[in-house]
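Asker: Numbering (this note's numbering), first residue to last: 4 to 111. Quick reminder that beta carbons are idealized off the backbone N, C-alpha and C, glycines included.
Written out as structure tokens, the structure reads:
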């Protein structure tokens, strides 16, 4: 039996639309987030997981409002549930899920 998270991820990935560079400037996850285990910071081109900068190779927007960020070596994360200053973070590699709270919008 598949987990709910796994099924939601499969739906989100199957219904993506690649973003243009202009749209990347308006991404809802840009900024710094307290994600339980570390402060994660996102720009349109990089993701810092609290210790390492990872180059974002592609951003895919799901029809459900989620965003999947693709990195080197077939690694990706999915960000979803954007309500106010909160979002969900999910890693397909580890299966980890974190609730994140916005610290900064990255514009200052």
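Keeping to the same chain, check which residues put their C-beta closer than 8 Å to that of residue 70; ignore five residues upstream and five downstream.
Answerer: Residue numbering aside, residue 70 sits at position 67 when the chain shown is read from its first letter. Within the same chain, residue 70 has close Cβ partners 30, 31, 32, 62, 63, 64, 81, 82 and 83.
Asker: Measuring straight from C-alpha to C-alpha, what distance separates residue 42 and residue 85?
Answerer: Along the chain shown, read from residue 1 onward, the residue named residue 42 stands at position 39. Along the chain shown, read from residue 1 onward, the residue named residue 85 stands at position 82. Answer to the nearest angstrom: the Cα atoms are 17 Å apart.
Asker: Mark residue 44 as exposed unless 16 or more other C-beta atoms lie within 10 angstroms of its C-beta, in which case mark it buried.
Answerer: Here residue 44 refers to the residue found at position 41 when the chain shown is read from its first residue. So residue 44 counts as buried.
Asker: Whole angstroms are fine: how far does the CA of residue 75 sit from the CA of residue 87?
Answerer: By one-based count along the chain shown, residue 87 stands at place 84. By one-based count along the chain shown, residue 75 stands at place 72. For residue 87 and residue 75, the distance between alpha carbons rounds to 30 Å.
Asker: To the nearest angstrom, report how far apart residue 103 and residue 37 are at their CA atoms.
Answerer: Reading the chain shown from its first residue, position 100 is the one you call residue 103. Reading the chain shown from its first residue, position 34 is the one you call residue 37. Cα-Cα distance, rounded: 5 Å.
Asker: Tell whether a beta-carbon distance below 9 Å holds between residue 34 and residue 108.
Answerer: Reading the chain shown from its first residue, position 31 is the one you call residue 34. Reading the chain shown from its first residue, position 105 is the one you call residue 108. Contact flag set, yes.
Asker: Would you call the CB atoms of residue 39 and residue 101 closer than 9 Å?
Answerer: Indexing the chain shown from 1 puts residue 39 at position 36. Indexing the chain shown from 1 puts residue 101 at position 98. Closer than 9 Å, so yes.
Asker: What residue does the beta strand (DSSP E) around residue 58 start on, and which one ends it?
Answerer: Within the chain shown, residue 58 is the residue found at index 55, counting from 1. Residue 58 -> beta strand (DSSP E) spans 56-58.
Asker: For residue 57 and residue 49, which I take to be in contact (beta-carbon distance under 8 Å), what is that distance rounded to the nearest angstrom?
Answerer: Sequence index remark: in the chain shown, residue 57 carries index 54 (1-based). Sequence index remark: in the chain shown, residue 49 carries index 46 (1-based). Contact holds; Cβ gap of about 7 Å.
Asker: With distances taken from CA atoms, which of 78, 90 and 77 is nearest residue 112?
Answerer: Here the chain comprises residues numbered 4 to 111, so residue 112 is not present and cannot be evaluated.
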